[in-house]
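Residue 99 in the numbering used here sits at position 90 of the sequence shown, and the numbers go up by one each step. For glycine and all other residues, C-beta sits at the position ideal for the given N, C-alpha and C. Here is the structure we will look at.
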Amino acid sequence: MKNIAEFIAQIENDKCTYNAWVYAKEGCYKQLQCSDTKNCYSYLREMVEYHLQIVIELNNNKLDSYLLLSEINVVTHIAFNNQKVIAIAA
Numbered sequence: 010m011k012n013i014a015e016f017i018a019q020i021e022n023d024k025c026t027y028n029a030w031v032y033a034k035e036g037c038y039k040q041l042q043c044s045d046t047k048n049c050y051s052y053l054r055e056m057v058e059y060h061l062q063i064v065i066e067l068n069n070n071k072l073d074s075y076l077l078l079s080e081i082n083v084v085t086h087i088a089f090n091n092q093k094v095i096a097i098a099a
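Below, the structure is given as structure tokens:
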């Protein structure tokens, strides 16, 4: 687990692109659209201020997924499929 600022700094340094999802209802998430790839990291920082739960799918060779919990400032690795978190790393 990492804190959110460290996580965003790491993906920014690695120049990772991502898909972002926010909690919608009944355990499902809806995808956010970030049209400006130059400012996608500042967009993510801003979204953390407005949403308690954000799922990030990194568009790298492994397609890693992470859950950002802004209320407790934690990022954890998850399994994410079909708009649902199906497992959380211990």
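Is it buried or exposed for ILE63, if we count other Cβ within 10 angstroms and need 16 for buried?
-> In the sequence shown, counting from the first residue as 1, residue 63 sits at position 54. ILE63 should be labelled buried.
Start and end of the beta strand (DSSP E) containing SER79?
-> Here residue 79 refers to the residue found at position 70 of the sequence shown. Careful: SER79 lies outside any beta strand (DSSP E) and carries neither H nor E.
Span of the alpha helix (DSSP H), counted from its first residue to its last, around CYS49 = For this step, residue 49 is matched to residue 40 along the sequence shown. That run of the alpha helix (DSSP H) goes 49-59.
How should TYR59 be labelled, buried or exposed, when 16 other C-beta atoms within 10 angstroms of its C-beta is the threshold for buried?
-> As a position in the sequence shown, residue 59 is number 50, starting the count at 1. That one is exposed.
Contact set for MET10: own chain, Cβ-Cβ below 6 angstroms, skip 5 residues either direction | Residue numbering aside, residue 10 sits at position 1 when the sequence shown is read from its first letter. Excluding positions up to five away in sequence, the list reads VAL83 and THR85.
Provide the residue span of the beta strand (DSSP E) that contains GLU66, from first to last.
-> In the sequence shown, residue 66 corresponds to position 57, counting from 1. Taken as a continuous stretch (DSSP letters only), the beta strand (DSSP E) holding GLU66 covers 62-67.
Roughly how many angstroms lie between the CA atoms of ALA98 and ASN69, to the nearest whole one?
-> By one-based count along the sequence shown, residue 98 stands at place 89. By one-based count along the sequence shown, residue 69 stands at place 60. Cα to Cα, ALA98 sits roughly 19 angstroms from ASN69.
Residues in its own chain within less than 8 angstroms of SER79 by CB, not counting five upstream and five downstream?
-> Taking the sequence shown and counting its residues from 1, one reaches residue 79 at position 70. Excluding positions up to five away in sequence, the list reads ILE13, VAL57, GLU58, HIS60, LEU61, GLN62 and ILE63.
Short Cβ contact (8 angstroms threshold) for PHE89 with ILE81 | Counted from its first residue, the sequence shown places residue 89 at position 80. Counted from its first residue, the sequence shown places residue 81 at position 72. No; because the gap between Cβ atoms is not below 8 angstroms, this pair is not in contact.
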